[in-house]
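All remarks here apply to the structure that follows.
Residue numbers (the numbering used here), protein chains in the order written: chain B, 1 to 244; chain W, 245 to 551; chain X, 552 to 920.
In structure tokens:
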């Protein structure tokens with residue numbers, strides 16, 4: 001059994017009288033591709049913020065990459081990668097400048113940043129475009145670049161928040177191949193998405209509804225359990241949208 | 245013919261947003277433009293809504309030219325742009341009343357038309373629009389676009405950023421609108437929504453790849469399609485891609501869709517995979533979906549564009 | 552440390568690539584230095600004065616010559632009787648009237664003392680103080696020349712200074728009208744420019760454009776509420792200045808309010824015009840606030856008299872509507888003059904308003920591009 005990269009016990013997060021996360025319990029293993037699904041307002045974003053050290057739980061024990069989320073939030077930030085839906089790259093800086101910047105923020109040595117930058121550009125077939133401004137790049141390329149930067153420092157786990165929103169089908173698949181490659185290299189991938197079919201690419205999937213986790217298993221098992229043929233149908237059966 | 249368009253082009257600075265767009269929409273149809281971000285959907289819709297003028301080409305909507313006939317057209321068109329454009333600091337009720345008044349009608353007059361949609365949010369009519377969830381904003385924006393009983397409804401990515409359940413509900417609402425003989429044009433990046441339209445145009449990078457009924461598009465897939473399953477997805481994809489006889493291999497959820505170069509199922513592929521340590525492989529022929537066709541068309545386009 | 556330097560480098564890159572930030576960092580200080588350096592001079596230059604010489608003898612001629620040749624003053628008129636003094640000060644050109652009493656020379660020689668009256672326009676306290684100080688200094692100098700000439704006892708020309716319209720030289724007289732002028736144009740232009748660009752940013756403008764609403768209606772609909780509220784603002788400010796600063800309106804209140812309405816309309820139209828140029832709310836705020844505030848404060852005659860500016864700045868000042876409104880409001884509030892004295896400025900404001908409205912309508916696109 002692989003090591004545990006995330007362990008969540010009895011996580012509760014309240015905002016005033018509103019309970020966004022209601023007693024969550026789950027684990028994520030090393031090298032897994034873990035899909036984190038749920039309708040809008042179900043509490044996904046809240047949970048991810050806690051896991052990435054950006055927010056504190058109201059109660060419960062949460063360990064990420066071996067660190068406690070409440071007491072060691074700073075270490076967590078240094079050991080994870082994070083890619084939010086859009087806007088994680090600076091539009092008025094070039095590709096190279098963005099990579100150098102984040103490399104510096106991750107505390108990597110100059111030489112290492114240089115090497116990884118070359119490797120990254122090669123992987124994306126992008127070597128001549130190192131000096132292009134981000135604002136000149138099409139969306140699909142930006143997403144791939146943002147992902148590469150999020151794992152530049154080879155963290156234990158990378159969080160991806162709807163990384164393929166609005167991207168064309170070909171690029172989307174290329175993106176998922178990058179995710180597969182990353183997981184195969186030992187980096188755990190924690191991803192959320194609205195494309196239910198992408199849930200099938202994950203090793204295991206959890207579905208949140210109204211603050212609770214209502215399903216957690218491999219896609220194959222979930223489909224069997226609910227006697228349907230696709231993850232979309234599973235989702236429609238169990239995830240209720242916000243009532244108001 | 246509700247919309248007739250030929251040779252529409254539009255450029256913004258150095259970017260060619262639309263290249264030679266031609267299509268037509270029948271009255272009463274639900275017509276969908278399917279394509280990713282940057283395809284030109286919003287630009288095209290703005291032209292149809294008379295908000296932008298094309299650089300070249302012609303378009304007539306309901307018999308009027310979009311350039312000269314905009315005054316008439318604006319009275320008969322309902323437009324719902326992306327991000328829903330509601331007044332965040334006005335309530336549900338106030339938003340609806342405003343749009344009704346601006347179009348010279350009242351909520352009461354056309355209430356029957358929006359009833360199915362508005363009834364979901366009516367209990368919250370005093371709530372500020374900014375405080376609604378994504379699905380409810382969607383319903384409100386749709387109600388506001390319909391309140392003056394337009395003949396043509398233009399919806400720009402109404403389901404983007406909204407969860408799967410709300411999306412399904414939204415399409416049910418659209419289907420119901422057809423009873424009122426309203427023509428609906430919509431755009432979406434979700435390929436599966438194509439099947440819910442009467443006719444569909446696949447669009448990418450400012451060009452239309454094909455226009456037809458969705459099942460005809462699907463059936464237009466040029467080769468035999470096979471679906472391959474194996475426990476280790478990543479290895480499987482790499483294995484398939486490395487097989488010389490394979491034309492294309494795309495991951496599709498829990499399987500991989502492949503086509504063969506000479507369009508014949510080649511059993512040697514099993515051995516190839518076994519040699520790479522990939523076992524428990526199942527291969528079946530399957531029917532192509534819209535997305536397969538889209539990928540196919542995109543691929544052909546790239547090949548044609550190579551020097 | 553590495554993270555820190557990397558981050559700092561990024562911040563520099565952002566700054567150099569953003570025109571607006573560069574303007575704020577470099578453009579504004581440079582403009583300020585130039586303005587302050589050239590414009591704010593506490594020296595008097597070419598202050599226009601009028602003489603009323605009731606004596607017309609050798610001594611008055613000598614003293615007049617001395618005053619004129621000092622270079623600080625320019626004689627605009629030579630008055631013939633006392634009734635003209637008030638009229639001439641109400642007009643906005645003459646800053647001070649210098650009156651030689653009858654039998655000036657004879658009184659000086661026989662009684663050893665003659666009175667020279669200096670009546671200054673107190674509605675511009677800074678200017679008035681400067682002018683009278685300079686004049687008094689010149690007269691003191693003349694007196695010491697006289698002392699050198701006469702054998703016995705002192706012969707002295709005695710200056711008597713009076714400030715019209717603002718006897719105690721209260722600075723509120725300068726500030727309150729100026730502040731009204733400044734605030735109204737800034738707020739009105741800011742508000743209307745923001746409300747339209749906000750619709751553009753949130754996308755609701757698209758839907759308005761495809762509706763039957765005519766652009767003219769959209770504009771008027773946006774202007775009307777602000778017009779009413781700004782007018783209430785003006786009344787409130789006038790009330791405050793009366794109750795708190797003891798600065799009542801000397802002239803016709805109705806005329807003042809009418810002029811205020813014109814000025815508000817001008818400012819709101821300017822805001823609409825700005826909104827047709829600006830693409831985002833940020834841009835609109837930038838142009839309205841930063842782009843207009845500095846020139847208005849420094850060049851409209853609010854703080855620094857226009858006469859003190861080099862000619863170039865004077866030209867720029869002539870293009871600023873606030874410059875004209877300040878004259879109007881000071882006249883009515885402090886000098887108590889009627890329409891006849893401000894018709895020129897009023898006409899200019901009307902023309903400005905028509906220009907802004909015309910341009911705004913022309914620019915307001917019925918389409919997105």
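By construction, the Cβ of each residue, glycine as well, lies at the ideal position given by its N, Cα and C atoms. These numbers come from a predicted model, not from an experiment.
Partners in chain X for residue i, counting only beta-carbon separations shorter than 9 Å
i: residue 104 of chain B; result: 553, 554, 555, 556, 557, 558, 560 and 561
Amino acids of chain B, ordered along the chain, whose beta-carbon sits closer than 9 Å to that of residue i
i: residue 565 of chain X; result: 90, 92 and 93
Alpha-carbon to alpha-carbon, residue j and residue i
i: residue 918 of chain X; j: residue 751 of chain X; result: 12 Å
i: residue 343 of chain W; j: residue 316 of chain W; result: 17 Å
i: residue 887 of chain X; j: residue 803 of chain X; result: 7 Å
i: residue 449 of chain W; j: residue 262 of chain W; result: 8 Å
i: residue 676 of chain X; j: residue 856 of chain X; result: 10 Å
i: residue 723 of chain X; j: residue 607 of chain X; result: 39 Å
i: residue 239 of chain W; j: residue 529 of chain W; result: For residue 239 of chain W there is no data in the structure shown, the boundaries of chain W being 245 and 551.
i: residue 900 of chain X; j: residue 298 of chain W; result: 41 Å
i: residue 573 of chain X; j: residue 133 of chain B; result: 20 Å
i: residue 145 of chain B; j: residue 80 of chain B; result: 17 Å
i: residue 428 of chain W; j: residue 196 of chain B; result: 26 Å
i: residue 88 of chain B; j: residue 836 of chain X; result: 27 Å
i: residue 630 of chain X; j: residue 636 of chain X; result: 8 Å
i: residue 550 of chain W; j: residue 541 of chain W; result: Its pLDDT being 45, under 50, residue 550 of chain W is placed unreliably in this model, and the value from its coordinates should be taken loosely. C-alpha separation (whole angstroms): 15 Å.
i: residue 726 of chain X; j: residue 679 of chain X; result: 15 Å
i: residue 40 of chain B; j: residue 128 of chain B; result: 40 Å
i: residue 323 of chain W; j: residue 457 of chain W; result: 24 Å
i: residue 159 of chain B; j: residue 294 of chain W; result: 42 Å
i: residue 120 of chain B; j: residue 94 of chain B; result: 14 Å
Cross-chain neighbours of residue i in chain W, by beta carbon under 7 Å
i: residue 39 of chain B; result: 407 and 409
i: residue 219 of chain B; result: 498
i: residue 173 of chain B; result: 494 and 495
i: residue 269 of chain B; result: Any property of residue 269 of chain B remains undetermined from this structure, which presents chain B solely from 1 to 244.
Chain B residues whose Cβ lies nearer than 7 Å to that of residue i
i: residue 568 of chain X; result: 92
i: residue 378 of chain W; result: 40
i: residue 412 of chain W; result: 236
Beta-carbon neighbours of residue i, restricted to chain X and to distances below 7 Å
i: residue 635 of chain W; result: The structure shown does not extend to residue 635 of chain W, since chain W is modelled only from 245 through 551, so no value can be given for it.
i: residue 325 of chain W; result: 754, 757 and 758
i: residue 318 of chain W; result: 761, 762 and 763
i: residue 329 of chain W; result: 753, 754, 755, 757 and 758
Residue i: first and last residue of the uninterrupted beta strand (DSSP E) it sits in
i: residue 501 of chain W; result: 499-504
i: residue 447 of chain W; result: 443-448
Residues that residue i contacts on chain W, provided the C-beta gap is smaller than 9 Å
i: residue 939 of chain X; result: With chain X running from 552 to 920 in the structure shown, residue 939 of chain X is simply not present.
i: residue 167 of chain B; result: 280, 281 and 433
Extent of the continuous alpha helix (DSSP H) run through residue i
i: residue 217 of chain B; result: Unbroken run through residue 217 of chain B is the beta strand (DSSP E), 212-217; no alpha helix (DSSP H).
i: residue 573 of chain X; result: 570-573
i: residue 341 of chain W; result: 336-346
i: residue 873 of chain X; result: 872-881
Residue i CB to nearest heavy atom of the ligand SAH below 8 Å
i: residue 667 of chain X; result: In terms of ligand content, the structure shown is empty, and the ligand SAH therefore cannot be addressed.
Contacts that residue i makes with chain X (C-beta to C-beta distance below 8 Å)
i: residue 101 of chain B; result: 557, 558, 560 and 561
Interface partners of residue i on chain B, CB under 8 Å
i: residue 532 of chain W; result: Correct list: empty, because the minimum Cβ distance to chain B is about 13 Å.
i: residue 481 of chain W; result: 177 and 180
(Q) I'd like the ranges of any alpha helix (DSSP H) spanning at least 4 consecutive residues and lying wholly in the segment 814-867 of chain X. (A) 832-836 and 843-850
Q | the segment 734-765 of chain X: positions lying closer than 7 Å to chain W by Cβ | A | 753, 754, 755, 757, 758, 760, 761, 762, 763 and 764
Q | Unbroken stretches of the beta strand (DSSP E), 3 residues or longer, contained in the segment 33-83 of chain B | A | 33-38, 59-64 and 80-83
Q. Can you list, in chain order, the residues of the segment 199-214 of chain B whose Cβ is nearer than 7 Å to any Cβ on chain W?
A. 200 and 201
Q | Sequence ranges, beta strand (DSSP E) only - wholly within the segment 285-324 of chain W, length at least 3 | A | 300-305 and 321-324
Q: For the segment 259-286 of chain W, enumerate the residues whose C-beta is nearer than 9 Å to any C-beta of chain X, in chain order.
A: none
Q) At a Cβ cut of 9 Å, what residues of the segment 491-517 of chain W count as close to chain B, listed as they run along the chain? A) 494, 495, 496, 497, 498 and 499
(Q) Just to confirm the assignment: which complete beta strand (DSSP E) runs, minimum length 3, are found wholly within the segment 641-723 of chain X? (A) 647-651, 664-672 and 707-715
**Q.** Near-chain B residues of the segment 534-548 of chain W (beta-carbon distance less than 9 Å), N- to C-terminal order
**A.** 535, 538, 539, 542, 543 and 546
Q. Of all the residues that make up the segment 105-129 of chain B, which are near chain X by a beta-carbon distance shorter than 7 Å?
A. 105 and 107
(Q) So if I threshold CB-CB distances at 9 Å, which residues from the segment 425-449 of chain W count as touching chain B? (A) 433, 434, 435, 436, 448 and 449
(Q) Beta carbons nearer than 8 Å to chain X: which residues of the segment 344-358 of chain W have them? (A) 346, 347 and 348
Q) If you scan the segment 734-799 of chain X from start to end, which runs of the alpha helix (DSSP H) of 4 or more residues do you find wholly inside it? A) 755-760 and 766-794
Q | Ranges of the beta strand (DSSP E) found wholly within the segment 436-486 of chain W, counting only runs of at least 3 | A | 443-448, 451-456 and 469-473
(Q) If the cut-off is 7 Å on Cβ atoms, which residues from the segment 367-392 of chain W count as contacting chain B, listed in chain order? (A) 368, 377, 378 and 379
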